[in-house]
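Note that the sequence shown covers residues 1 to 492 in the working numbering.
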Amino acid sequence: MRLKPVLMLALSAAVADAQVTSVVQRASGATISGVVRDSIARAPLAGALVQLVAANNPAQLDRSAVSDSLGRFTLNDVPDGWHRIGFIHPMLDSLGVAAPLTDVFVNGAREVKADLAIPSAQRLRRAICGNAARDSGTVVLGIVRDANDGAPMSGVTVSGEWVEMTFRSRGIVRRVPRLVATTGDNGWFAMCNVPSAGTMALIASRGGDSTDFIDVSVPPGGFLRHELYLGVSQTTLTDVAVLSGDSTAKQPRRVRRGSGTLSGTIVAVADGKAVRGAHVSLTDGPETEANERGEWTLTDAPLGTRMLEVRALGFVPARRRVDVVGIPGQVRVSLSTLKAVLDTVKITASRMSPNLAGFEERRASGFGHFLTQDEIAKRQPVTLSDVFRAVPGLRFEYDDDLVEKRIRMRSAFGTCEPAIYINGQAMTTFSPDSTRTGFAVVTLSSDDIDTWLRPRDVTGIEIYTGDQAPIQFRQGMSGCGSILIWTRLQKY
1 MRLKPVLMLA LSAAVADAQV TSVVQRASGA TISGVVRDSI ARAPLAGALV
51 QLVAANNPAQ LDRSAVSDSL GRFTLNDVPD GWHRIGFIHP MLDSLGVAAP
101 LTDVFVNGAR EVKADLAIPS AQRLRRAICG NAARDSGTVV LGIVRDANDG
151 APMSGVTVSG EWVEMTFRSR GIVRRVPRLV ATTGDNGWFA MCNVPSAGTM
201 ALIASRGGDS TDFIDVSVPP GGFLRHELYL GVSQTTLTDV AVLSGDSTAK
251 QPRRVRRGSG TLSGTIVAVA DGKAVRGAHV SLTDGPETEA NERGEWTLTD
301 APLGTRMLEV RALGFVPARR RVDVVGIPGQ VRVSLSTLKA VLDTVKITAS
351 RMSPNLAGFE ERRASGFGHF LTQDEIAKRQ PVTLSDVFRA VPGLRFEYDD
401 DLVEKRIRMR SAFGTCEPAI YINGQAMTTF SPDSTRTGFA VVTLSSDDID
451 TWLRPRDVTG IEIYTGDQAP IQFRQGMSGC GSILIWTRLQ KY
């Protein structure tokens, strides 16, 4: 489906190319002032180019000004008569719309107020999606650009996917809905009625070229704007050593390469010091390590929108979107340290796989949400917490210190922190608090899980809400659920 921009209330090309210096007599010395606002973000819009034209001759540009950090603008020495005022901003381009023109009348040397705004989310949603628009749905839109020169690209396929789980009496039904849009001549695309307040994956492709799958958080009932860059890349095979039984074997790995270069620095959040030896890579792309100054450079990087992954011993892994374009970019990544007290948990391991008979029996019962090893692999998670992001009812929240991310689960009384079990062993520690007992039970954070477990080592995951979990996997009478993780490691 080819989508085109709507709300064709645009400033004409003649206005955009007109001379800034007015040829109209300036007699009255009137002033037009106001504020430009982003109705979607509900905030002032800085950097908007406000233009005033004669009502009877739109090709004649009278005055122009740029809004400041508070969205304010002022046009001085405006002559008497009817005028039309509008503005230009990159945000309008990404929305695929133009701001409507507003008529203003000047009569005498007095100040005239003329506030301007990006059209409201409701108006844009109805204009873009038509009668099919739902107030609760989110519109995902943006522009696909050429990674070499930034020019809009037409005929690009943009796909969006998300996971839906339906609980039925006979079991759980898993669906992966998919929306597809094709960019227009100006590179613009839009997807209507995307479920709100969740996570979806976006990918743009044309021919044999594509971006990475980009994980995005969908806001509730509004708009999600994303610019994607598409470039040429080649896939090569390289041998890497992987653990196979008791020996290491060479296995081919597909690596995408291109003509791009990406550089940056890795520092610690706590003190801003460089993180030496951090491992930096692009998904399915080249990789490197940071030097003693935390500096790194990726050469032969595939052009386009990619996912950058950074890992360092003792730090929470970081994963972020980057645009590898014709002009080399600089990326600064700040890593948070782990607060987990490692000596509170004793870990022993063996190469024996645990008996998953109980897992399969519980899976057949129809209670809980189950992920097999194959289902986990299909999601291609970088960290284990990535698996939980697409599970309905789970969310991530920072603790009170804004340092650790913790897994939260929906319950009858809001959200709560589920109990975590690894191979049947409850992963809890005790820390002092101000309660009568003097101690509080603390479960693993998502950062702890990502540090201790690799997705490829996990053979199964069980997620239970409320009191669905078997009695041996419940956290007392808390009423919260449980998450069971089964791995190749026999005991924790």
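Where a beta carbon is used, it is the ideal one built from N, C-alpha and C, also for glycine.
Can you grab the Cα-Cα spacing for the pair residue i / residue j, in whole Å?
i      : j      : result
ASN193 : THR199 : 14 angstroms
ARG311 : HIS279 : 5 angstroms
LEU384 : LEU453 : 7 angstroms
ALA55  : THR102 : 10 angstroms
PRO418 : GLY160 : 30 angstroms
ARG351 : TRP486 : Legend: pLDDT at ARG351 = 43, less than 50; position of this residue unreliable, value from coordinates given subsequently. Taking the straight line joining both Cα atoms gives about 13 angstroms.
ALA124 : ALA99  : Contrary to the premise, residue 124 reads as Leu rather than Ala in this sequence. If you take the alpha carbons of LEU124 and ALA99, they lie about 11 angstroms apart.
SER411 : LEU394 : 10 angstroms
GLY424 : THR451 : 19 angstroms
ARG436 : ARG488 : Confidence in ARG436 is poor, its pLDDT being 38 and thus under 50, which makes the residue's placement too unreliable to answer from.
PRO58  : VAL35  : 22 angstroms
ALA340 : LEU484 : Annotation note: pLDDT 37 at ALA340 (below 50); position unreliable, coordinate value reported separately. The alpha-carbon atoms of ALA340 and LEU484 are separated by roughly 20 angstroms.
ARG500 : ALA364 : Coverage of the chain is limited to positions 1 through 492, which leaves residue 500 absent and any answer about it impossible.
GLU287 : VAL53  : 53 angstroms
THR131 : VAL232 : A small correction: the amino acid at residue 131 is Asn; Thr does not occupy that position in the sequence shown. So the two alpha carbons sit approximately 38 angstroms from each other.
ILE461 : ALA469 : 13 angstroms
GLY184 : ARG206 : 13 angstroms
MET91  : ASP115 : 17 angstroms
SER263 : SER33  : 43 angstroms
PRO455 : ALA201 : 19 angstroms
LEU141 : ALA127 : 13 angstroms
ASN148 : ALA318 : 27 angstroms
CYS480 : ASP447 : 20 angstroms
ASP284 : GLU292 : 25 angstroms
SER22  : GLY29  : Below a pLDDT of 50, predicted positions are generally treated as unreliable, and SER22, at 37, falls in that range; no measurement from the model is reported.
LYS378 : SER445 : 24 angstroms
THR459 : GLN373 : 5 angstroms
PRO152 : VAL97  : 15 angstroms
ARG257 : VAL325 : 13 angstroms
ARG320 : VAL331 : 10 angstroms
LEU308 : THR211 : 12 angstroms
PRO79  : PHE105 : 10 angstroms
Among all the DSSP beta bridges, which residues are the ones paired with residue i?
i      : result
PHE131 : Checking the sequence, you will find Asn at residue 131 rather than Phe. ASN131 pairs with nothing; no bridge assigned.
ILE483 : ILE420, ILE463
LEU52  : ARG63, ILE85
GLY314 : Bridge partners of GLY314: none, in fact.
ARG178 : GLU161
LEU141 : ALA190, ARG225
VAL255 : THR236
ASP566 : Outside the displayed span of the chain (1 to 492) sits residue 566, for which this structure offers no information.
LEU335 : ALA268
ILE32  : LEU75, VAL112
ASP323 : THR305
PRO152 : ARG145
LEU298 : LEU262
ALA364 : The partner list for ALA364 (beta bridge, DSSP) is empty, contrary to what the question assumes.
VAL458 : THR487
ALA390 : Beta-bridge pairing links ALA390 to no other residue.
ARG410 : THR415
PHE370 : GLU462
GLU287 : SER281
Of the choices the options, whose alpha-carbon is the least far from that of residue i?
i      : options                        : result
ASN107 : GLU161, THR31, PRO58           : THR31
GLY277 : PRO286, GLY294, LEU262         : GLY294
PRO219 : SER33, VAL232, ALA121          : ALA121
THR337 : VAL216, SER196, VAL269         : VAL269
ILE449 : ILE128, ILE420, VAL163         : ILE420
TRP296 : PHE315, PRO317, ALA274         : ALA274
GLY155 : LEU141, TRP188, GLU164         : TRP188
ARG145 : ASP115, ASP93, GLU361, ALA117  : ASP93
GLY414 : MET427, ARG456, ARG379, THR465 : THR465
VAL333 : VAL267, HIS226, VAL112         : VAL267
SER217 : VAL139, ARG257, GLN234         : VAL139
ARG134 : THR157, HIS89, PRO195, MET153  : PRO195
GLY358 : GLN472, ASN76, THR236, ALA117  : GLN472
ALA190 : ARG474, ILE88, GLU227          : GLU227
PRO44  : GLN60, GLN330, PHE73, LEU61    : PHE73
ARG362 : ARG37, ILE463, VAL387          : ILE463
GLU164 : ALA197, ARG321, GLY150         : ALA197
PRO119 : ILE40, PHE223, ASP457          : ILE40
GLY329 : CYS416, LEU61, THR265, ASP209  : THR265
Is the beta carbon of residue i within less than 6 angstroms of some heavy atom of the ligand FAD?
i      : result
GLU164 : Looking at this structure, you won't find the ligand FAD or any other ligand, since it has none at all.
Distance cutoff 7 angstroms, beta carbons only. Does residue i sit that close to anything in chain C?
i      : result
ALA117 : Going by chain labels, chain C is absent from the structure shown, which holds only one protein chain.
Is it a yes or a no for the region 175-193 touching the region 81-88, going by three-plus beta-carbon pairs under 8 angstroms?
Flag = no, the region 175-193 and the region 81-88 do not touch.
Any contact between the region 291-303 and the region 364-371? By contact I mean 3 or more CB pairs, one from each, below 8 angstroms.
The region 291-303 vs the region 364-371: no contact.
The region 49-58 in contact with the region 67-77 per 3-pair CB rule at 8 angstroms
Under the 8 angstroms Cβ criterion, the region 49-58 counts as touching the region 67-77, having at least three qualifying pairs.
Which whole runs of the beta strand (DSSP E) in the region 171-235 are 3 residues long or more, in chain order?
Segments of the beta strand (DSSP E) lying fully in the region 171-235: 171-175, 178-182, 188-194, 198-206, 214-218, 223-230.
Every unbroken beta strand (DSSP E) inside the region 72-124 [3 residues or more]
Within the region 72-124, the complete beta strand (DSSP E) runs of at least 3 residues are 72-78, 81-88, 102-106, 111-113.
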